[in-house]
Ligand SMILES: Nc1ncnc2c1ncn2[C@@H]1O[C@H](COP(=O)(O)OP(=O)(O)OP(=O)(O)O)[C@@H](O)[C@H]1O
Ligand SMILES: [Mg+2]
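Numbering (the UniProt record's numbering), first residue to last: 1 to 752.
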């Protein structure tokens, strides 16, 4: 997760709140207390609607009756109170709204539904429930009461409007106007309609429907055809709008993820207008963005639109991005395009012929929004990005309709408190309770995890090359025979026991920048996107480091022990002594290297490091003296000589000084953002306590530390002290810090 450039988001949906035509003209809440089921916290201000309901307008009653009947909510008695359990918060909100207006859903069995309509109990025979699915975008229920069969239908406006009986133009127009207004305000809308069914027509349909249910092939399509057949010639009742409040911290999270270089695409089943409005409220879209709306009704139209947009985007990019290396890099600097595609056009855009064109346009845009898409389309979009882009994709969603995209992406994250709780959670790799936790998941844990893994790998290669090449150098002295330098026991357990624990501790605990700063500076995430911490170059660098280490570790002892004698004049030149000395020095050197690499110290690191060294000595002793190994007494004899300690010290100094110098040089003259942030942290929190900072690193402090010293060209050697903590916006701070980077030095690893 530390290297995540793509992030697909299903819209999050906290509590649905019924908002039925709230009108600012009405300031006093209407009295609903004559309904014993009403929720005292529910406030409604429009008296005209209550009057219409109390009057003789039958459609108003049908509207609420539909809300109380057409759903899949389950009622539950809790301490004498009626509670509802809804699959989606929207359904729950609508049934609760109907209840407040006196149309109370009371209970359901497998073939009946009971409601109380204005205090009168009504039981309906449930004939069929044509369930909601994301492709149909609507649901219906067929009920029978007092010999009358009726279908109630609710669903997306685009679907219902197509299925209305002719001759309702005024009502349709008025409703559409309201719907547009609601959608522009970011509300989630539904249309409601019904129809009385004639007995004969219904029985006819029923037999065909039963055939479809029983059919073995093509069942789904046949069922859908029968659904469509009955869900037509409907009478429009009206529309509902539900506020889809953003969870806390969503805009900041999105802004920070975008700053971190993660590309965010929103894939939703909602209406275009609603989605755009939500895009604005979560700061994904801004007023300065140019909108590219793909709404073609045929393949050719979609292709034309995409080609035209590609030209538009490329021209802007080439105007702005002169000097940029790649198209996408230039695109990042662009003030921004937002691509909006609706589900209908997406079908064509995802054709094998046009998909690359679509992706090309989309990857040049700052924001991509696909609305009215089905779950399958969501998965196809993720798959498209996965196939053609190098990056890693993450999908986050809360609903059952997000499951397929969560499964398709490299990483799936379920938001666990909302609808489809089980589905989204079970399908995902990670589940978070709120969208905003994604920020910490990616920018802190994802980043640390990538950083640790890379550091672990680099060190692992280094220590193994250092070990292996010792044999290579030794081979020159033994005519490339099979003779080994080290004792067989050492060869077997070098990786297992002597050098594994410190690097494991490093791989588990190390951090270059703490969690707060990781979030404060989202740009710290970008090395992961560029795969900068472990790649071929880093691999070769580690291997070379290992090679040089092995050379020094073999030839310094070789020189020191060449013709060497102990204090009593006995020769020190034998293969076993030499092998033991090189082995011991090697273990000390690679362990010292871990000392330099570890930036975050915990007791476990110290225990692992010292424990490894002590364990090495103990195991050597035990093996040679207790079990009777081949190199018995070689190490203990040589450790009694000062030559050994001088050689050890000399080797360590020769190997460590250049590494420290190299790192200091890079940290001082070419610091990465991580170096700068870490140095700043050390200056503020650690060095003042120990007083070593200024001494060691020659970093002048501002005369008055309370005075902010912002880069103005006159204070060239001072990094603004307060700037990071009173930061107006992370990007500004990062720019400031980077612009001051030349003035910073520290004991930092170069590319971490
Ligand atoms: N229970 C329902 N009954 C009837 N129509 C519904 C129901 N739930 C949703 N719809 C309609 O179907 C459309 C598609 O629903 P879908 O669940 O695919 O997406 P969504 O809920 O709008 O958005 P998201 O992708 O954020 O979940 C909705 O926009 C809505 O108009
Ligand atoms: Mg949904």
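Don't be surprised by glycine CBs; every beta carbon is placed ideally from N, CA and C.
Through-space distance from residue j to residue i, alpha-carbon basis
| i | j | result |
| --- | --- | --- |
| residue 386 | residue 184 | 33 Å |
| residue 412 | residue 373 | 19 Å |
| residue 665 | residue 586 | 26 Å |
| residue 745 | residue 669 | At residue 745 the pLDDT is 29, less than 50, meaning the model places this residue with poor confidence and gives no usable figure here. |
| residue 559 | residue 549 | 15 Å |
| residue 351 | residue 262 | 26 Å |
| residue 391 | residue 357 | 18 Å |
| residue 28 | residue 43 | 9 Å |
| residue 573 | residue 628 | 22 Å |
| residue 45 | residue 429 | 45 Å |
| residue 378 | residue 219 | 24 Å |
| residue 153 | residue 302 | 32 Å |
| residue 283 | residue 265 | 13 Å |
| residue 583 | residue 591 | 12 Å |
| residue 543 | residue 399 | 47 Å |
| residue 336 | residue 600 | 39 Å |
| residue 382 | residue 554 | 53 Å |
| residue 52 | residue 367 | 44 Å |
| residue 159 | residue 235 | 13 Å |
| residue 743 | residue 683 | In this prediction, residue 743 has a pLDDT of 31, which is less than 50 and means its spatial position is unreliable; what the coordinates show is noted afterwards. Straight-line Cα distance between these residues: approximately 14 Å. |
| residue 91 | residue 257 | 32 Å |
| residue 242 | residue 156 | 13 Å |
| residue 758 | residue 355 | Given that the chain is displayed from residue 1 to residue 752, the structure contains no residue 758 and the question cannot be resolved. |
| residue 472 | residue 483 | 11 Å |
| residue 433 | residue 621 | 54 Å |
| residue 172 | residue 161 | 8 Å |
| residue 224 | residue 199 | 21 Å |
| residue 201 | residue 149 | 10 Å |
| residue 552 | residue 625 | 30 Å |
| residue 73 | residue 415 | 21 Å |
| residue 118 | residue 65 | 10 Å |
| residue 89 | residue 247 | 14 Å |
| residue 188 | residue 35 | 27 Å |
| residue 506 | residue 456 | 7 Å |
| residue 663 | residue 679 | 13 Å |
| residue 487 | residue 465 | 18 Å |
| residue 510 | residue 597 | 9 Å |
Proximity test, residue i beta-carbon vs ligand 1 heavy atom, cut-off 7 Å
| i | result |
| --- | --- |
| residue 668 | no |
| residue 68 | no |
| residue 88 | yes |
| residue 399 | yes |
| residue 268 | yes |
| residue 91 | yes |
| residue 367 | no |
| residue 132 | yes |
| residue 139 | yes |
| residue 190 | yes |
| residue 155 | yes |
Unbroken alpha helix (DSSP H) run spanning residue i, endpoints
| i | result |
| --- | --- |
| residue 103 | Per DSSP, residue 103 belongs to no alpha helix (DSSP H); it is in the beta strand (DSSP E), 103-108. |
| residue 266 | Counting along the chain, residue 266 falls outside any alpha helix (DSSP H), though it belongs to the beta strand (DSSP E) covering 263-267. |
| residue 561 | 536-561 |
| residue 671 | No alpha helix (DSSP H) contains residue 671, which DSSP labels as neither H nor E. |
| residue 377 | 375-388 |
| residue 286 | Note, residue 286: premise wrong, no alpha helix (DSSP H); not H, not E. |
| residue 49 | 47-54 |
CB contact below 8 Å: residue i versus chain B
| i | result |
| --- | --- |
| residue 349 | No chain B appears in the structure shown, which is made up of a single protein chain. |
Residue span of the beta strand (DSSP E) that contains residue i, given as start and end
| i | result |
| --- | --- |
| residue 337 | 337-342 |
| residue 641 | Premise fails: residue 641 is in no beta strand (DSSP E) and is neither H nor E. |
| residue 112 | 112-117 |
| residue 189 | 187-197 |
| residue 433 | Element bounds for residue 433: n/a, residue is neither H nor E. |
| residue 149 | 148-155 |
| residue 579 | Unbroken run through residue 579 is the alpha helix (DSSP H), 575-597; no beta strand (DSSP E). |
| residue 241 | 235-244 |
| residue 78 | 74-78 |
| residue 757 | A query on residue 757 cannot be resolved here, the shown segment of the chain reaching from 1 to 752 and no further. |
Checklist entry - Between the region 204-219 and the region 70-88, do at least 3 Cβ pairs fall closer than 8 Å? => result Too few Cβ pairs lie closer than 8 Å, so no.
Next on the checklist: Three Cβ pairs or more, each shorter than 8 Å: is that satisfied between the region 521-532 and the region 460-470?
Outcome noted: Counting Cβ pairs under 8 Å, fewer than three are found: no touch.
Checklist entry - Using 8 Å as the Cβ pair cut-off and three pairs as the minimum, do the region 292-308 and the region 170-183 touch? => result As far as the Cβ criterion goes, the region 292-308 does not touch the region 170-183, which means the pair count is below three.
Checklist entry - Three or more C-beta pairs closer than 8 Å, one from the region 593-609 and one from the region 501-508: is that the case here? => result Touching, per the Cβ criterion.
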